[in-house]
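To keep things clear, I will list the structure first and then write my remarks on it.
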Amino acid sequence: MVIFFKLTNLPATFQTIMNEILQDFINTGKVASFMDDVIIEIEIKERHNEIVEKVVKRLAENDLYVKPEKCK
1 MVIFFKLTNL
11 PATFQTIMNE
21 ILQDFINTGK
31 VASFMDDVII
41 EIEIKERHNE
51 IVEKVVKRLA
61 ENDLYVKPEK
71 CK
């Protein structure tokens, strides 16, 4: 999928794409997505890395990527 810049509804379109890609994670309440921010909140620290890996893998499968220097 290619998104062209300077489109009127680009933010809403990108949010819809993120919601579709991460829908199952969002439905469990472990992940929240707002535009290009993905927030992962989990109570068990040991499972946090597992969820992060799954989210990053899902993004990669859909030709999206994260910049490690912007991650906390």
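Counting from 1, position 26 in the sequence shown corresponds to residue 26 in our numbering; the numbering is continuous, with no gaps. Ideal Cβ placement from N, Cα and C applies to all residues, glycine included.
Quick check: the Cα distance between residue i and residue j, rounded to an integer number of angstroms?
i     : j     : result
Glu43 : Val56 : 19 Å
Lys72 : Val52 : 11 Å
Lys70 : Arg58 : 18 Å
Glu41 : Thr28 : 11 Å
Arg47 : Gln15 : 26 Å
Asn49 : Asn19 : 21 Å
Can you tell me the Cβ-Cβ gap for residue i and residue j, rounded? I've got them flagged as a contact below 8 Å.
i     : j     : result
Ala32 : Ile21 : Between Ile21 and Ala32 the Cβ distance is about 13 Å, and since that is not below 8 Å, they are no contact.
Pro11 : Met35 : 6 Å
Mark residue i as exposed unless 16 or more other C-beta atoms lie within 10 angstroms of its C-beta, in which case mark it buried.
i     : result
Lys30 : buried
Give a yes or no on whether the minimum CB-CB distance between residue i and chain D is below 7 Å.
i     : result
Asn19 : Given the protein chain composition of this structure (a single chain), no chain D is represented.
Return the chain-ordered list of same chain residues with a C-beta closer than 6 Å to the C-beta of residue i, the five sequence neighbours on each side being excluded.
i     : result
Asn62 : Ile21
Gln23 : none
Beta-carbon within less than 8 Å of residue i's beta-carbon, same chain only, minus the 5 sequence neighbours each way: which residues are those?
i     : result
Lys54 : Phe25
Which runs of the alpha helix (DSSP H) fall wholly inside the region 10-45 and span at least 4 residues, in chain order? 10-21, 23-28
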